[in-house]
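> When we follow the working numbering, the leftmost residue of the sequence shown carries the number 221, and every step to the right adds one.
All C-beta atoms in this analysis are idealised placements derived from N, C-alpha and C, irrespective of residue type, glycine included.
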Amino acid sequence: MAAVLLSISMMIHQAARIRDETVGAMGLHEAVEKGRHEKGAELHVVASMVQDNMGRPMTLSGYQIQLKSRWNRISGKAQGTGWSHEIEGKRFRPEAFLRKITLIEGLGEEDGD
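(1) For the candidate residues 297, 222 and 312, whose alpha-carbon lies nearest to that of residue 306?
(2) Quick one: residues in its chain with C-beta nearer than 7 Å to the C-beta of residue 285, no 5 flanking neighbours on either side, listed in chain order?
(3) Candidates 253, 222, 229 and 227: which alpha carbon is nearest residue 288's?
(4) What residues in its chain sit with their C-beta under 8 Å from that of residue 264, if we drop five residues either side in the sequence?
(5) Which residue's Cα is closest to the Cα of residue 283: 312, 226 and 241?
(6) Taking DSSP as the reference, what is the three-state secondary structure of residue 300?
(7) Using only alpha-carbon positions, find the residue among 243, 230, 277 and 294 that is nearest to residue 257.
(8) Keeping to the same chain, check which residues put their C-beta closer than 7 Å to that of residue 261; ignore five residues upstream and five downstream.
(9) Taking the straight line between their C-alpha atoms, what separation do you get for residue 315 and residue 309?
(10) Which two residues bound the contiguous beta strand (DSSP E) that contains residue 288?
(11) Apply the 10 Å Cβ neighbour rule to residue 302 and answer buried if 16 or more other Cβ atoms are within range, or exposed otherwise.
(12) Give every residue of the same chain whose Cβ lies closer than 7 Å to the Cβ of residue 259, excluding the five residues on either side of it in the sequence, and list them in chain order.
Okay, here's the thing in structure tokens:
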């Protein structure tokens, strides 16, 4: 009976760790996306806001999210007990996309395609 209870408690603990790691990774992705898309946002404010919205972890460790900006890239790192994730993305620039689209449309008009 003790072996069964021990194995069940180990499975519950492992499930809680996997849940916390998944919530941490999704929170990190949300923080990086908000940092990429919001122009005037301060990264430490975005990171703390997302960290507060993630809720309490099921294990004893807490979430830690850090965001950094270099050149036109946003990089983020999330940590907990026994896990760590990093993600990086370019800043969102819709004006560059729109310039490319108008250039492509202009080339199509010249060729008649």
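In brief:
(1) 297
(2) 247, 248, 251, 267, 270, 271, 296 and 298
(3) 253
(4) 287
(5) 241
(6) strand
(7) 294
(8) 254 and 255
(9) 17 Å
(10) 284-290
(11) exposed
(12) none
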